[in-house]
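Step one of this worksheet: look at the structure below.
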Amino acid sequence: MEQQDPTVRNVVSVTLKDKAALHANYMPFIRGGGLYAVADKPYKLGDQVILSLKIDSVGKRFAIPGDVVWMSPKDSSGKHGIGVRFGGRTKDNVRVFLESILGDLAKKPSVYHAY
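So this is what it looks like as structure tokens:
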């Protein structure tokens, strides 16, 4: 069995256009905060990733360490969806910032959720 090199980072990039897109991808039911992302390769529950998040409407970028806590099957384009729970030292700051953008919407999943 091939072991993964621990120095190799699994980076998952997400670009969100605006508040509606953030709401559709935000996963309020994940304790500590989480975000849905489309991934080019399959992951397993518990895999460590770096979520590279860009929010166009506020001009912010984040590199958020986290772990995979949600998975969806391949879509018609062959891509997988994962839910990433925020981790690392900045997880609370990132969650608070995202929830400040969302306001009251942060407490409930979007009707048009991406996951």
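If you use UniProt numbering, the sequence shown corresponds to residues 1 to 115, in order. No residue lacks a Cβ here, since even glycine has one placed at the ideal position from N, Cα and C.
Proximal residues to residue i (C-beta, below 6 Å), its chain only, five neighbours per side dropped
| i | result |
| --- | --- |
| Lys60 | none |
| Lys41 | none |
Backbone CA spacing between residue i and residue j [nearest angstrom]
| i | j | result |
| --- | --- | --- |
| His80 | Lys44 | 11 Å |
| Tyr26 | Asp104 | 13 Å |
| Asn93 | Asp75 | 32 Å |
| Leu53 | His113 | 17 Å |
| Gly78 | Val58 | 30 Å |
| Ala106 | Lys91 | 16 Å |
Contact set for residue i: own chain, Cβ-Cβ below 7 Å, skip 5 residues either direction
| i | result |
| --- | --- |
| Leu51 | Val12, Val14, Leu35, Ala37, Ile64, Gly66 and Val84 |
| Arg95 | Gly32, Gly33 and Phe86 |
| Ile30 | Val69, Gly83 and Arg85 |
| Asp47 | Asn10, Asp67 and Val68 |
| Leu22 | Leu16, Ile55, Leu98, Ile101 and Leu102 |
| Arg89 | none |
| Phe62 | Leu53 and Val94 |
Integer Cβ distance of residue i from residue j, believed to fall under 8 Å
| i | j | result |
| --- | --- | --- |
| Lys108 | Asp56 | Actually they are not in contact, since the Cβ atoms of Lys108 and Asp56 sit about 23 Å apart, beyond 8 Å. |
Close Cβ partners of residue i (< 8 Å) along its chain, the five nearest in sequence each way excluded
| i | result |
| --- | --- |
| Tyr115 | Asn25, Met27, Tyr36, Trp70, Ser72, Gly81 and Gly83 |
Sub-9 Å separation of residue i and residue j beta-carbons
| i | j | result |
| --- | --- | --- |
| Ala20 | Ser110 | yes |
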